[in-house]
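The opening residue of the sequence shown carries number 18 in the numbering used here; numbering runs sequentially from there.
The beta carbon of each residue, even a glycine, is placed where N, CA and C say it ideally should be.
Here's the structure, in C-alpha cells; my notes come after.
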Amino acid sequence: MKSDIEIASQAQMKPIRYIAEKLSLTEDDWEPYGHYKAKLSVDLLEKLSDRPSGKVILTTSINPTPAGEGKSTVTVGLGQALNHLNKKAIIALREPSLGPTMGIKGGAAGGGYAQVIPMDEINLHFTGDIHAITSANNALAAFIDNHIQHGNEMHIDPRRIGWKRVMDINDRALREVVVGLGGPGKGIPRQDGFNITVASELMAILCLAANLQDMKRRIGKIVIGYTYEKQPVNVEQLGFEGALTLLLKDAIKPNLVQTLENTPALIHGGPFANIAHGCNSVMATKLASKLGDYVVTEAGFGADLGAEKFLNIKTRAAGLEPDAVVIVATIRALKMHGGLKKDQLNSQDLEALNKGMENLKKHIETIEQFQLPFIVAVNKFPADTQEEIDFLTKWCEKHSVEVSVVDVFAEGGQGGLDLAGKVVRLCEAKTTSLHYSYELDDPIELKINKIAKKIYGAGGVEFSSKASKQMVQMEQLGYGNLPVCMAKTQYSLSDRPEKLGRPKDFTITVKEFHPSVGAGFIVALTGDVMTMPGLPKYPAALNMDITEEGVIKGLF
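Here you go:
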C-alpha cells in the first residue's frame with residue numbers, strides 16, 4: 018500500500034471555497050489561507066448561536082503503544098463514513114506539534130485513506146498557530162525579565178518565576194538553563210528552562226477560551242510567579258494581556274480544511290494530553306456542532322488521559338457533553354499489553370491478546386463511570402488473523418459491549434460504515450447525562466484521589482513534601498475549586514511507563530503542582546513525566562526529504 022504522504026499528494030482536493038459553501042458559509046465568515054485552507058471568523062459562533070447543536074462523538078482509545086492504535090485515523094474515517102450515510106458530519110481535531118512529528122510518534126492527520134489534507138502542511142507549519150503561541154509565550158518571558166531588570170516594581174522573586182520559555186520541538190538540552198549571564202547589561206541571572214510549546218498555558222487558554230475577549234481575560238489571570246512575600250503575580254498586574262492577545266488574534270480563529278473524501282474538518286489547537294488537557298479548541302468543537310449534525314472529535318492518548326480531561330475539564334468550560342464515545346483498540350496494541358514485543362506482533366497469539374484485554378476492560382469501565390454510551394472500534398491491521406478478530410469481538414459480546422471492526426485506513430469511509438451506523442443509533446438512544454469524576458468544590462487532594470482510583474485503578478496517591486506544601490498554598494489562594502489536569506505517562510494506567518496492561522496495587526506519586534489559573538485548572542505532575550520531551554536515537558526527521566521537483570518523502 019502507498020505511504021500516507023503518497024496517498025495525500027495524489028488526493029483530489031476541492032478548493033476551500035467549495036468546502037465553505039458546503040457548510041453554507043458566506044464570504045464574511047471565512048478568509049483563505051492559500052487554495053485549501055481557511056480561517057473562520059471569531060464572530061461566527063455568536064452568529065450561529067441560535068442554531069441547534071449537533072451530536073458530539075468523542076473518540077478515545079486504550080493506552081498507546083509503539084504498535085499503533087490509529088485514533089485519529091478512526092476519527093477521520095468515522096466522519097467520512099457518516100457522510101456516506103447522508104449525515105452532515107464534521108471532524109474536529111488538534112493541530113500536530115513538530116515535536117512528535119519530527120520525533121517518534123508521528124503526525125496527527127490520520128492515515129491511509131482516512132486523512133485530513135493538505136497533510137504535509139497540517140503536519141508542519143499549517144497556518145502558524147503554534148508558532149504564534151511560541152511568540153506570545155516567549156514575549157511574556159521577555160517582559161518578565163525586562164520588568165525585573167528595570168527596578169522590579171512588583172517585587173517578583175526571581176527564584177519563584179514559574180513562567181518558562183517554549184519551543185515547538187523536543188529538545189532535552191533546554192530543560193534546565195540559566196539566563197541573564199554576562200553582566201548587569203544582560204539581565205538578572207536566574208535558573209530557567211523551556212517547555213514544549215504545546216504544554217504552554219497559552220495553548221490551553223486558546224483551546225478553552227469562548228472568544229477573543231475571554232482569551233484576553235484568561236491571559237490576564239496567568240500566574241507568572243510569586244513576590245518575595247510569596248504572593249502570586251499575574252499578567253494583568255504587569256499590564257501585558259492586551260499585547261499577548263494581539264499576538265494571538267489570528268491564532269484563535271479555527272482552521273477549516275477537508276478530508277481525502279472532502280468531508281469538512283476543523284483543526285485548531287494542539288495541547289499534549291500527557292502534560293496538558295489534550296483536546297482541540299472549544300471554539301472549533303462548538304462551531305462544528307452548529308455547522309453539522311454530527312461532530313467527530315478526539316482527545317489525546319488513552320481514556321485515562323485525554324478522555325478524562327475532555328470530560329472533566331473541557332465539557333465544563335464549553336458547556337457541552339458527548340452523545341457517544343468511541344474507544345479505539347487494535348489487536349497489535351492489545352497483544353503488546355499482553356506481554357509481546359513489537360517484533361512479535363505479526364504472529365497470531367490469542368493468549369497475549371487475552372491478557373491484553375485487561376487494558377481495554379479498564380478503559381471501558383472508565384467510560385461507563387461517566388455514564389455515556391460507547392462502542393469499541395477495532396482498528397484492523399493487515400497482520401490481524403480472523404481468529405484474533407473473532408476472539409476480540411466475541412469477548413465484547415460476552416461482556417455486553419457494542420463493537421465494530423473498521424478498516425478505514427485501507428477503505429476510507431466505506432471501511433467505517435458499520436461503526437457509523439452503530440454510533441448514530443447510540444446517539445439517538447442516549448438517555449443519561451455526563452457524570453463527572455469529582456465535584457469542583459472537592460479539595461484538591463480528594464479530586465486527585467478520585468481520578469487515580471476511578472480512572473487509573475490506583476490503590477492510592479502519595480504527595481511529595483513540595484507538592485503537599487503547594488497544595489495547601491493553592492487552597493489558600495483560592496485555586497482549590499479548579500479542575501485538576503493530571504500530567505502522567507500515556508503508556509500506562511500507572512505513572513510508570515513500563516507497567517503495561519492493567520497494573521494492580523500501584524500508587525500514583527504527585528511530585529509538584531503548577532497553577533494554570535488562566536486556563537482554569539491546576540496541573541499535577543506525576544512520576545517522571547516531562548514538560549519538555551526528548552528526541553529518540555533515530556528521529557523520524559531522518560527519513561524526511563524534499564526533491565528538486567518539490568516532492569515530499571518520508572513524512573509518514
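Alpha-carbon spacing of residue i relative to residue j, whole angstroms
| i | j | result |
| --- | --- | --- |
| residue 570 | residue 23 | 8 Å |
| residue 47 | residue 110 | 18 Å |
| residue 221 | residue 56 | 19 Å |
| residue 254 | residue 298 | 27 Å |
| residue 246 | residue 495 | 17 Å |
| residue 283 | residue 526 | 37 Å |
| residue 371 | residue 237 | 51 Å |
| residue 404 | residue 369 | 13 Å |
| residue 142 | residue 115 | 8 Å |
| residue 424 | residue 310 | 24 Å |
| residue 43 | residue 37 | 8 Å |
| residue 659 | residue 433 | The shown model of the chain, from 18 to 573, leaves out residue 659, and the question about it has no answer. |
| residue 373 | residue 126 | 27 Å |
| residue 26 | residue 140 | 13 Å |
| residue 395 | residue 345 | 6 Å |
| residue 80 | residue 509 | 6 Å |
| residue 386 | residue 77 | 15 Å |
| residue 13 | residue 486 | The chain is shown from 18 up to 573; residue 13 falls before or after that span and cannot be answered. |
| residue 134 | residue 33 | 11 Å |
| residue 328 | residue 554 | 36 Å |
| residue 418 | residue 160 | 54 Å |
| residue 469 | residue 520 | 13 Å |
| residue 335 | residue 549 | 28 Å |
| residue 413 | residue 51 | 46 Å |
Simplified DSSP assignment, three categories, for residue i
| i | result |
| --- | --- |
| residue 74 | strand |
| residue 221 | helix |
| residue 513 | coil |
| residue 410 | helix |
| residue 416 | coil |
| residue 425 | helix |
| residue 538 | strand |
| residue 117 | helix |
| residue 285 | coil |
| residue 292 | coil |
| residue 458 | coil |
| residue 531 | strand |
| residue 59 | coil |
| residue 201 | helix |
| residue 523 | coil |
| residue 441 | helix |
| residue 248 | coil |
| residue 111 | coil |
| residue 91 | helix |
Residue of the options minimising C-alpha distance to residue i
| i | options | result |
| --- | --- | --- |
| residue 409 | 502, 351 and 544 | 351 |
| residue 562 | 311, 43, 39 and 137 | 137 |
| residue 481 | 364, 446 and 542 | 542 |
| residue 212 | 193, 420 and 401 | 193 |
| residue 475 | 523, 537, 27 and 268 | 523 |
| residue 359 | 330, 381, 328 and 400 | 400 |
| residue 306 | 163, 338, 144 and 479 | 338 |
| residue 132 | 96, 18, 393 and 367 | 96 |
| residue 388 | 559, 547 and 448 | 448 |
| residue 292 | 200, 281, 278 and 318 | 318 |
| residue 61 | 516, 272, 456 and 183 | 272 |
| residue 411 | 450, 367 and 452 | 367 |
Cutoff 7 Å: residue i Cβ touching any chain C Cβ
| i | result |
| --- | --- |
| residue 264 | Although the question refers to chain C, the structure presented lacks it and comprises just one protein chain. |
Check: residue i C-beta below 6 Å from any heavy atom of the ligand GTP
| i | result |
| --- | --- |
| residue 516 | With respect to the ligand GTP, the structure offers nothing, as it holds no ligand at all. |
Beta-carbon proximity list for residue i, same chain, < 8 Å, skipping 5 on both sides
| i | result |
| --- | --- |
| residue 195 | 206, 207, 208 and 209 |
| residue 483 | 528 and 529 |
| residue 444 | 72, 74, 311, 340, 341 and 390 |
| residue 84 | 347, 349, 350, 352, 353, 359 and 362 |
| residue 70 | 303, 306, 307 and 337 |
| residue 128 | 21, 87, 89, 90, 426 and 573 |
Contacting residues, own chain, Cβ-Cβ under 7 Å from residue i (five flanking each side not counted)
| i | result |
| --- | --- |
| residue 497 | 460, 461 and 491 |
| residue 244 | 171, 172, 173, 174 and 250 |
| residue 397 | 422, 423 and 424 |
| residue 472 | 321, 325, 383 and 454 |
Given 8 Å, three or more beta-carbon pairs between the segment 291–307 and the segment 219–235: The segment 291–307 vs the segment 219–235: in contact.
Cβ contact (3+ pairs, closer than 8 Å) linking the segment 257–274 and the segment 318–329: Verdict: no, contact absent.
Within 8 Å, do at least three Cβ pairs link the segment 451–466 to the segment 101–121? Taking a contact to require three or more Cβ pairs closer than 8 Å, the segment 101–121 and the segment 451–466 do not qualify as touching.
Cβ contact (3+ pairs, closer than 8 Å) linking the segment 164–174 and the segment 80–99: No, the segment 164–174 is not in contact with the segment 80–99.
Count the CB pairs spanning the segment 465–476 and the segment 500–507 that are closer than 8 Å, and state whether there are at least three. Short answer: they touch.
Given 8 Å, three or more beta-carbon pairs between the segment 435–450 and the segment 98–110: Touching, per the Cβ criterion.
Does the segment 262–276 come close enough to the segment 147–167 that 3 or more CB-CB pairs lie under 8 Å? Contact between the segment 147–167 and the segment 262–276 is present: three or more C-beta pairs spanning the two stretches fall below 8 Å.
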